[in-house]
Amino acid sequence: MNMPNLINYARRKLLDQSNNLPAAPYSGGPKTDFSNLPISISSGSFPAVPDANKKQNQSHTPLPSASDPSHDGKQASQDHPKTFGNYWKYIVIIIAVFVMVILIIVLLCFWKKPAAKIIKPWNTGISGQLQKAFITGVPKLNRAELETACEDFSNIVTNVEACTIYKGTLSSGVEIAVVSGLINTRQEWTKTMELNYRRKIASLSRINHKNFVNLIGYCEEEEPFTRMFIFEYAPNGSLSEHLHVKEVERLSWSERVRIIMGTAYCLQYMHHELNPPVAHSKVSSHVVTLTDDFAAKLAEVTFRSIVEPSKSSIRGDSKKYEMLRSGLDQNVYDFGILLLEIISGKLPHSEEQGNLVHWAAEFLHDRRSIGYMIDPSLQSLKDNELDVICEVIQGCIQPDPKMRPTMRDITSRLREVFCVTPEQAVPRLSPLWWAELEILSVEAT
1 MNMPNLINYA RRKLLDQSNN LPAAPYSGGP KTDFSNLPIS ISSGSFPAVP
51 DANKKQNQSH TPLPSASDPS HDGKQASQDH PKTFGNYWKY IVIIIAVFVM
101 VILIIVLLCF WKKPAAKIIK PWNTGISGQL QKAFITGVPK LNRAELETAC
151 EDFSNIVTNV EACTIYKGTL SSGVEIAVVS GLINTRQEWT KTMELNYRRK
201 IASLSRINHK NFVNLIGYCE EEEPFTRMFI FEYAPNGSLS EHLHVKEVER
251 LSWSERVRII MGTAYCLQYM HHELNPPVAH SKVSSHVVTL TDDFAAKLAE
301 VTFRSIVEPS KSSIRGDSKK YEMLRSGLDQ NVYDFGILLL EIISGKLPHS
351 EEQGNLVHWA AEFLHDRRSI GYMIDPSLQS LKDNELDVIC EVIQGCIQPD
401 PKMRPTMRDI TSRLREVFCV TPEQAVPRLS PLWWAELEIL SVEAT
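In this text, residue positions in the sequence shown follow full-length UniProt numbering: the first is 1, and each later residue adds one.
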């Protein structure tokens, strides 16, 4: 069968099938131009002409020609708004989803944050806020907690320089010192005092030495008005009491040497290991406190620098440096007076002898009579030790501050004759160590 015959045969077969009429129009129908019919490549069944059962008067809309320019323009104008609208619809959906995700994250953060536990004063053996002291720095404590620890602030240790010092005891027996300013109304407490108070906290929080009475907290409340510091507590009183109060047991020479070296190491740390350096407000036997094993702990508990006008707060940086330099030099001078007080057992000033430096001047310059200057209760003092101490004293009390040695020089010179290392000078069982131990035990449970 040749090709023309094959085509005719196929046409006849298609004409016999009433449901496959694209091959030819049904009987009586209009002629259809097959060249203009769209060709479907889908797998579905689509009727090519209206069903014969439908009404004959149904109108037939002619398909637009593919080459009709009016059709192309109309189709493009219809597709463009639809595409543009879909684009902005996607943008709005994406923004909405992003905002929802952010809100969910924020809500989850709030929900996951544990609720603050109510801790009764010293219920766990130590304040919940105090537990943060060794993690986040100096914590702010509640007055109610301190009031409980100090038995309604009835345990007064002493009143010194614009403040009262209370002794507080935790339920475990750990002792603390609470230093409260004497100003108890907001009207008397100026903005300058508040600034000085906060500067004091910042300064004290930088000092972390085992021969220093370290700051472990502070308290500030408006009703009742409260400004307090919380320090370690040294239970053996001050060096001044052990040197000058007859009822208190006298210190041996080895104990005094350990106190000298502990104080020297602490001042060296403050002057040379901190940056910027920190000067002590006033070094004296009153602020050298003693632990159970007679180790020295230098205290800085005065409120005087807070409530009195500070010249450094209204001057430039160069003037502040001069004030700091002056404070460091004064510490060296005061340390010389302290050494003189320790070896002589005499007060820095008394009606009987007058000024201690003036009284000791003749003995310091005449080494043959230096024995008259030494505390009679000291029995084991060696000549070479006495010579070095007198040399250091003379250097410290030089009228010209530029001629005085630094605390690093002093410590180095003293170590040549006193074999007391920094480790040997610190308390064997620090009150702060006990507090840390208690915190660890509470956290462990």
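The C-beta atom is built at its ideal place from N, Cα and C for all residues, glycine as well. Computed from a prediction, not measured in an experiment: that's the story for all the values here.
Alpha-carbon to alpha-carbon, valine 213 and threonine 158: Here residue 158 refers to the residue found at position 158 when the sequence shown is read from its first residue. Here residue 213 refers to the residue found at position 213 when the sequence shown is read from its first residue. Rounded to whole angstroms, threonine 158 to valine 213 spans 16 Å at the Cα level.
**Request:** Would you check if the distance between the CB atom of threonine 164 and the CB atom of serine 180 is smaller than 8 Å?
**Result:** Here residue 164 refers to the residue found at position 164 of the sequence shown. Here residue 180 refers to the residue found at position 180 of the sequence shown. Contact: yes.
**Prompt:** Are the Cβ atoms of lysine 200 and serine 305 separated by less than 8 Å?
**Reply:** Taking the first residue of the sequence shown as 1, we reach residue 200 at position 200. Taking the first residue of the sequence shown as 1, we reach residue 305 at position 305. Closer than 8 Å, so yes.
Going by beta carbon distance, what residues of the same chain come within less than 7 Å of isoleucine 156, once the five residues before and after it are set aside?
-> The residue given as residue 156 occupies position 156 in the sequence shown. Closer than 7 Å at the Cβ level, and outside the excluded window around isoleucine 156, lie Thr164, Tyr166.
* To do: Please specify which runs of the alpha helix (DSSP H), each continuous and at least 4 residues long, are wholly inside the stretch 138-186, giving them in chain order.
  => 143-149
Check: Beta carbon of arginine 250, beta carbon of phenylalanine 294: below 8 Å?
Finding: Translated into positions along the sequence shown, residue 250 becomes position 250. Translated into positions along the sequence shown, residue 294 becomes position 294. Not in contact: arginine 250 and phenylalanine 294 (Cβ atoms no closer than 8 Å).
Integer Cβ distance of valine 417 from valine 392, believed to fall under 8 Å: Looking up residue 417 in the sequence shown gives position 417. Looking up residue 392 in the sequence shown gives position 392. At roughly 10 Å, the Cβ-Cβ gap does not stay under 8 Å, so valine 417 and valine 392 are not in contact.
* DSSP state of isoleucine 105, grouped into three classes? -> Here residue 105 refers to the residue found at position 105 of the sequence shown. Of the three classes helix, strand and coil, the one that applies to isoleucine 105 here is helix, per DSSP.
inquiry  = Let me confirm a value: arginine 211 is counted as buried when at least 16 other C-beta atoms fall within 10 Å, else exposed. Which label applies?
reply    = Here the question's residue 211 lines up with position 211 in the sequence shown. Correcting the residue identity first, residue 211 is asparagine in this sequence and not arginine. When all chains shown are included, asparagine 211 counts as buried.
Once DSSP output is grouped into helix, strand and coil, what is the label at isoleucine 374? Taking the first residue of the sequence shown as 1, we reach residue 374 at position 374. Coil at isoleucine 374, not helix or strand.
Nearest candidate by alpha-carbon position, reference histidine 280, set Gln330, Arg256, Ser254, Thr291:
Counting from 1 along the sequence shown, the entry for residue 280 is found at position 280. The option with the nearest alpha carbon to histidine 280 is Gln330.
Evaluate contact between the stretch 392-407 and the stretch 230-249, counting only Cβ atoms and requiring at least three cross-stretch pairs below 8 Å. no
Margin query: For a test of your reading of the model: does the CB of arginine 258 fall under 7 Å from any non-hydrogen atom of the ligand ADP? Yes or no.
Written below: In the structure on display, the ligand ADP does not appear, and there are no ligands present to speak of.
key: CB contact flag (valine 138, serine 205, <8 Å)   = Within the sequence shown, numbered from 1, the residue matching residue 138 stands at position 138. Within the sequence shown, numbered from 1, the residue matching residue 205 stands at position 205. Closer than 8 Å, so yes.
For this session: Taking the CB atoms as reference points, tell me whether valine 307 and proline 405 lie closer together than 8 Å.
Result: As a first step, residue 307 is located in the sequence shown; it is residue number 307 there, counting from the start. As a first step, residue 405 is located in the sequence shown; it is residue number 405 there, counting from the start. Going by C-beta atoms, valine 307 is not nearer than 8 Å to proline 405.
Q.
For the stretch 397-415 against the stretch 374-384, do three or more pairs of beta-carbon atoms, one drawn from each stretch, fall closer than 8 Å, so that the two count as touching?
A. no
Subject >> Residue(s) in a DSSP beta bridge with isoleucine 230 >> reply: Within the sequence shown, residue 230 is the residue found at index 230, counting from 1. BP columns for isoleucine 230 point to Val178, Gly217.
**Q.** Buried/exposed call for valine 426, threshold 16 Cβ in 10 Å
**A.** Counting from 1 along the sequence shown, the entry for residue 426 is found at position 426. Counting Cβ neighbours within 10 Å, valine 426 comes out buried, since at least 16 surround it.
Taking the alpha-carbon positions, what's the valine 101 to tyrosine 90 distance? Within the sequence shown, residue 101 is the residue found at index 101, counting from 1. Within the sequence shown, residue 90 is the residue found at index 90, counting from 1. Distance between the alpha carbons of valine 101 and tyrosine 90 is about 17 Å.
- Query: By DSSP, does leucine 381 sit in helix, in strand, or in coil?
  - Reply: As a working note, residue 381 is residue 381 in the sequence shown. Coil.
*For the stretch 264-314, list the alpha helix (DSSP H) runs that are entirely contained and at least 4 residues long, ordered along the chain.*
304-307
query = Nearest-angstrom Cα distance between leucine 298 and cysteine 396?
reply = One-based indexing of the sequence shown puts residue 298 at position 298. One-based indexing of the sequence shown puts residue 396 at position 396. Taking the straight line from one Cα to the other gives about 19 Å.
* Any idea what DSSP makes of phenylalanine 98, helix, strand or coil? -> The residue you call residue 98 lines up with position 98 of the sequence shown. Reduced to three states, the DSSP call for phenylalanine 98 is helix.
Q: With distances taken Cα to Cα, identify the nearest neighbour of leucine 290 among Met228, Lys282, Ser240, Glu194.
A: As a first step, residue 290 is located in the sequence shown; it is residue number 290 there, counting from the start. That would be Ser240, whose Cα lies nearest to the Cα of leucine 290.
- request: Could you tell me the boundaries of the alpha helix (DSSP H) in which arginine 415 lies?
  value: Working through the sequence shown from its first residue, we reach residue 415 at position 415. First-last of the alpha helix (DSSP H) with arginine 415: 407-415.
- Query: Just curious, the alpha helix (DSSP H) that methionine 193 is in, first and last residue?
  - Reply: The count along the sequence shown starts at 1 and reaches residue 193 at position 193. Segment 191-205, the alpha helix (DSSP H) holding methionine 193.
Exercise. Is the distance from the Cβ of alanine 149 to the Cβ of glycine 173 below 8 Å?
Worked result: The count along the sequence shown starts at 1 and reaches residue 149 at position 149. The count along the sequence shown starts at 1 and reaches residue 173 at position 173. Not in contact: alanine 149 and glycine 173 (Cβ atoms no closer than 8 Å).
>> Does isoleucine 95 pass the burial test, meaning 16 or more other C-beta atoms within 10 Å, or should it be called exposed?
In response: By 1-based counting over the sequence shown, the position of residue 95 is 95. By the neighbour-count rule (16 or more Cβ atoms within 10 Å), isoleucine 95 is not buried but exposed.
Exercise. Could you tell me whether the stretch 218-226 touches the stretch 262-271, using the rule of 3 or more Cβ pairs below 8 Å?
Key: no
Checking 8 Å against the spacing of the C-beta atoms, do leucine 339 and isoleucine 216 come in under that value? Start at 1 with the first residue of the sequence shown, and residue 339 comes out as number 339. Start at 1 with the first residue of the sequence shown, and residue 216 comes out as number 216. For leucine 339 and isoleucine 216, no; Cβs fall outside 8 Å.
Does threonine 302 pass the burial test, meaning 16 or more other C-beta atoms within 10 Å, or should it be called exposed? Translated into the one-based positions of the sequence shown, residue 302 becomes position 302. The residue in question, threonine 302, is buried, as its Cβ has 16 or more Cβ neighbours within 10 Å.
- prompt: So, helix, strand or coil for arginine 428, using DSSP?
  reply: Here residue 428 refers to the residue found at position 428 of the sequence shown. Coil, per DSSP.
Exercise. By a C-beta neighbour count over all protein chains shown, 10 Å radius and 16 as the cutoff for buried, is aspartate 334 buried or exposed?
Worked result: In the sequence shown, counting from the first residue as 1, residue 334 sits at position 334. The residue in question, aspartate 334, is buried, as its Cβ has 16 or more Cβ neighbours within 10 Å.
Inter-residue CB distance, valine 278 and isoleucine 230 (contact presumed, cutoff 8 Å) = One-based indexing of the sequence shown puts residue 278 at position 278. One-based indexing of the sequence shown puts residue 230 at position 230. Actually they are not in contact, since the Cβ atoms of valine 278 and isoleucine 230 sit about 19 Å apart, beyond 8 Å.
_Simplified DSSP state of histidine 209, which is helix, strand or coil_ = Against the sequence shown, residue 209 aligns to sequence position 209. In the structure shown, histidine 209 sits in coil (DSSP, three-state: anything other than H, G, I, E or B).
- prompt: Residues bridged to glycine 354 by DSSP?
  reply: As a first step, residue 354 is located in the sequence shown; it is residue number 354 there, counting from the start. DSSP output for glycine 354 lists Ser350 as bridge partner(s).
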